[in-house]
Amino acid sequence: MDLAVILQTLLSGVMMGFVYALVSIGLNLIYGVMEIINFSHGAFLMLAMYIAYWLNVMAGTDPVLAAPASGLAIGLLGALTYKLIIKRVMKAPALAQVFSTFGLLVFLEALAHFLWTADYRTVEKTAFSGVVSLFGLRVGLAKLVVAACAILTTAVLFWFYNRTKTGKALQATAISHRAAKLMGIDTDRMFLISWILGGATVGMAGAFLASLYNIFPTIGTTFVLLAFAVVVLGGFGSITGTLYAGLIIGLIENVAGIFAPAFKYAVVYALFIGVIVFRPKGLLGR
Amino acid sequence: MLSIIDLRVNYGKVRAIQGASLRVEAGQLVSIVGSNGAGKSTILQAISGLVPVSGGEIWFDGERLDRLPAHEIVRRGIAHVPEGRALFGRLTVLENLELGAYARQYTRREFDRVLEEVCTMFPILKKRARQKAGTLSGGEQQMLAIARGLMLRPRLLMLDEPSLGLMPSRVSQIFETLSQIKRRDLTIVLVEQNVQESLELADYAYVLQTGRVVLEGPGDVLLQQDMIRQAYLGM
Numbered sequence: 015m016d017l018a019v020i021l022q023t024l025l026s027g028v029m030m031g032f033v034y035a036l037v038s039i040g041l042n043l044i045y046g047v048m049e050i051i052n053f054s055h056g057a058f059l060m061l062a063m064y065i066a067y068w069l070n071v072m073a074g075t076d077p078v079l080a081a082p083a084s085g086l087a088i089g090l091l092g093a094l095t096y097k098l099i100i101k102r103v104m105k106a107p108a109l110a111q112v113f114s115t116f117g118l119l120v121f122l123e124a125l126a127h128f129l130w131t132a133d134y135r136t137v138e139k140t141a142f143s144g145v146v147s148l149f150g151l152r153v154g155l156a157k158l159v160v161a162a163c164a165i166l167t168t169a170v171l172f173w174f175y176n177r178t179k180t181g182k183a184l185q186a187t188a189i190s191h192r193a194a195k196l197m198g199i200d201t202d203r204m205f206l207i208s209w210i211l212g213g214a215t216v217g218m219a220g221a222f223l224a225s226l227y228n229i230f231p232t233i234g235t236t237f238v239l240l241a242f243a244v245v246v247l248g249g250f251g252s253i254t255g256t257l258y259a260g261l262i263i264g265l266i267e268n269v270a271g272i273f274a275p276a277f278k279y280a281v282v283y284a285l286f287i288g289v290i291v292f293r294p295k296g297l298l299g300r
Numbered sequence: 082m083l084s085i086i087d088l089r090v091n092y093g094k095v096r097a098i099q100g101a102s103l104r105v106e107a108g109q110l111v112s113i114v115g116s117n118g119a120g121k122s123t124i125l126q127a128i129s130g131l132v133p134v135s136g137g138e139i140w141f142d143g144e145r146l147d148r149l150p151a152h153e154i155v156r157r158g159i160a161h162v163p164e165g166r167a168l169f170g171r172l173t174v175l176e177n178l179e180l181g182a183y184a185r186q187y188t189r190r191e192f193d194r195v196l197e198e199v200c201t202m203f204p205i206l207k208k209r210a211r212q213k214a215g216t217l218s219g220g221e222q223q224m225l226a227i228a229r230g231l232m233l234r235p236r237l238l239m240l241d242e243p244s245l246g247l248m249p250s251r252v253s254q255i256f257e258t259l260s261q262i263k264r265r266d267l268t269i270v271l272v273e274q275n276v277q278e279s280l281e282l283a284d285y286a287y288v289l290q291t292g293r294v295v296l297e298g299p300g301d302v303l304l305q306q307d308m309i310r311q312a313y314l315g316m
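Chains F and R are the protein sequences, given in the same order.
The opening position of the first sequence corresponds to residue 15 in this note's numbering, with each subsequent residue numbered one higher.
The opening position of the second sequence corresponds to residue 82 in this note's numbering, with each subsequent residue numbered one higher.
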């Protein structure tokens, strides 16, 4: 096989890996802090893609530039989800928590069907089109910009999580709610922040993806399944593990895509099942 | 300073504390002793808001505490070093100490000064600053737990079984540390199974049995009581 094809594939895998990591980080952040899986994460992503799409249609905004707006909107949706639903089911049986976010997923997808039909929609006015040369490899500019923005967003989140007082408080809450309370940390506020951050990151990721993929009401499910694979591989509760796993999944998907394009997701999910069976805590999980 | 009046705490149908009343004056070290399940830890948890109070009142410097959430109680200057230490094992020693100061709005300079004070008391922690807390030895972890409590510059420090699970040499080190802290005029509530050392150190002490105070008095006086000598000191 041509070396250029291999390198092209690896580069593409790494670029998509950063996007998958960003899609998944919010899911794992919320799980890490609250031990609740947000099944509506995919619907959050779908809504973010529609926000980017409609801003593109109505104002001509490039989806990448729409990311702050969709991040803000989905961050707010995360806050509302926590305040109106999650907070009320926190002490309920685990199944109630599962079905509350699953129900929200179904509701938001049905709402998208109702508002925007099942038609596929594509962003047409993009500021970043064409192909550029990167170390002798040809890369779509839109994909390159999306990957760069995903890296930047992830870097900012890592800085926040590891370097700020609130980030440390989130980590402390993720380790032990009880011990966090004894430090004077308002754990309820930390739960809210984790939902805002979880929503904002997937909101930004959705805007980035809007310039690369068709948009339709169930698009989120495709990505959220990948996000589950990323979270399981990286380890539940590990933000760093999510980053590594995103890159691994991106690479596997792209490499498998060379040999058997129709089979690439089967390879990813075979790995997902393998990790669950042989190393349930993932790469860096607790 | 701290006044607990007719405190009642229930765990479901189990009545863990059945009308206990205690007082702690500023600058005192007050010990609470009693056998396993007597309710000693529950009293500390009730003070710090970790368990809901079913009845009675807890007052701290004229303010009622038993209706406040746990994080607000810490902000009033009450540090609780719980049994089992509750360290953040995946975080470094320094990060644990930073979290100890979370409720205080220290400037960088104030934080450095408090950290220096605490590390003077526990020099080993300075050496281990970048090490993950979970990798420390049991004795070092206990020192870190106490140091983390002191980072709050608390007005009241509550210690729950600080010597539990430690080697005898480490136990005496912990009690030496406690007497050092006491000399700084800090108000301390100490829950300990090590009754002899605990009462020797205490200005005042309470003996708890099945959720009730059955005996109280100055530590040295209680040490002479037959009930204490027979039940807890094996004499």
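Think of the CB as a built atom: it goes at the ideal place given N, C-alpha and C, for glycine as much as any other residue.
Item                                                                                                                                 : Value
Inter-residue CB distance, Leu88 of chain R and Ile113 of chain R (contact presumed, cutoff 8 angstroms)                             : Not a contact, Cβ separation roughly 12 angstroms.
Short CB-CB distance (under 8 angstroms) between Gly93 of chain R and chain F                                                        : no
Bounding residues of the alpha helix (DSSP H) (the contiguous stretch that carries Tyr227 of chain F)                                : From DSSP, Tyr227 of chain F is part of no alpha helix (DSSP H); its letter is neither H nor E.
Cβ separation of Thr178 of chain F and Leu257 of chain F, assumed to be a contact under 8 angstroms, to the nearest whole Å          : Their Cβ separation, rounded to whole angstroms, is 18 angstroms, which puts Thr178 of chain F and Leu257 of chain F out of contact at 8 angstroms.
Which listed residue (F:Ile207, F:Ile290, F:Val281) has its alpha carbon closest to that of Leu247 of chain F                        : F:Ile290
Met163 of chain R at chain F interface by Cβ criterion, 8 angstroms                                                                  : The amino acid at residue 163 of chain R is misidentified as Met; the sequence shows Pro. Yes, Pro163 of chain R counts as interfacial toward chain F.
Minimum Cβ-Cβ distance from Asp200 of chain F to chain R less than 8 angstroms                                                       : yes
Listed by chain order, chain F residues near Ala228 of chain R by CB distance under 7 angstroms                                      : Going along chain F, no residue has its Cβ under 7 angstroms from Ala228 of chain R, so there is no contact; the nearest lies around 13 angstroms.
Residues within the region 171-183 of chain F neighbouring chain R, beta-carbon criterion of under 8 angstroms                       : Lys179, Lys182, Ala183
Ala188 of chain F versus Thr201 of chain F - alpha carbon distance                                                                   : 10 angstroms
Any chain F beta carbon closer than 8 angstroms to Arg171 of chain R                                                                 : yes
Contact with chain F by Ala210 of chain R, beta-carbon distance below 8 angstroms                                                    : no
8 angstroms Cβ cutoff, Ser208 of chain F in contact with chain R                                                                     : no
Bridge partners - Asn91 of chain R, DSSP secondary structure assignment                                                              : R:Arg96
Closer than 8 angstroms at the beta carbon, the chain F residues around Gly181 of chain R                                            : Met197
Glu197 of chain R burial status per 10 Å Cβ neighbour count (16 or more: buried)                                                     : exposed
Outcome for Asp301 of chain R when other beta-carbon atoms lying within 10 angstroms are tallied against a minimum of 16             : exposed
Interface partners of Ile253 of chain F on chain R, CB under 9 angstroms                                                             : By Cβ distance, chain R contributes nothing, its closest Cβ being about 12 angstroms from Ile253 of chain F, past 9 angstroms.
Short Cβ contact (8 angstroms threshold) for Ile229 of chain F with Gly89 of chain F                                                 : no
Cutoff 8 angstroms: Ser218 of chain R Cβ touching any chain F Cβ                                                                     : no
Given 8 angstroms, three or more beta-carbon pairs between the region 54-62 of chain F and the region 122-130 of chain F             : yes
Gln185 of chain F at chain R interface by Cβ criterion, 8 angstroms                                                                  : yes
Chain R residues whose Cβ lies nearer than 7 angstroms to that of Ala193 of chain F                                                  : Ala167, Phe169
7 angstroms CB neighbourhood of Gly255 of chain F in its chain, flanking five on each side removed                                   : Gly248, Gly249, Gly296, Leu297, Leu298, Gly299
Stretch-stretch touch, CB-based, cutoff 8 angstroms, three pairs: the region 134-147 of chain R with the region 168-179 of chain R   : no
Beta carbon proximity, Ser129 of chain R to chain F, threshold 8 angstroms                                                           : yes
Val67 of chain R: contacting residues in chain F (beta-carbon distance under 7 angstroms)                                            : Outside the displayed range of chain R (82 to 316) lies residue 67 of chain R, so it cannot be described from this structure.
Sequence ranges, alpha helix (DSSP H) only - wholly within the region 113-187 of chain R, length at least 4                          : 121-128, 151-156, 174-181
Which of helix, strand or coil DSSP assigns to Gln268 of chain R                                                                     : For clarity, residue 268 of chain R is Thr in the given sequence; the question names Gln instead. Strand at Thr268 of chain R.
Beta carbon of Arg166 of chain R nearer than 8 angstroms to that of Gln212 of chain R                                                : no
Contacting positions in the region 138-155 of chain R - beta carbon closer than 9 angstroms to chain C                               : Checking the listed chains, one finds no chain C in this structure; the protein chains it contains are F and R.
Alpha helix (DSSP H) runs wholly inside the region 94-181 of chain F, at least 4 long, in chain order                                : 108-130, 155-177
DSSP three-state assignment for Ile51 of chain F, whether helix, strand or coil                                                      : coil
Spatial neighbours of Arg104 of chain R in its chain, beta-carbon cut-off 6 angstroms, leaving aside the 5 residues before and after : Ser84
Residue nearest to Gly115 of chain R in terms of C-alpha spacing, selected from R:Ala286, R:Gly181, R:Arg194                         : R:Ala286
Cβ contact (3+ pairs, closer than 8 angstroms) linking the region 69-79 of chain F and the region 92-99 of chain F                   : no
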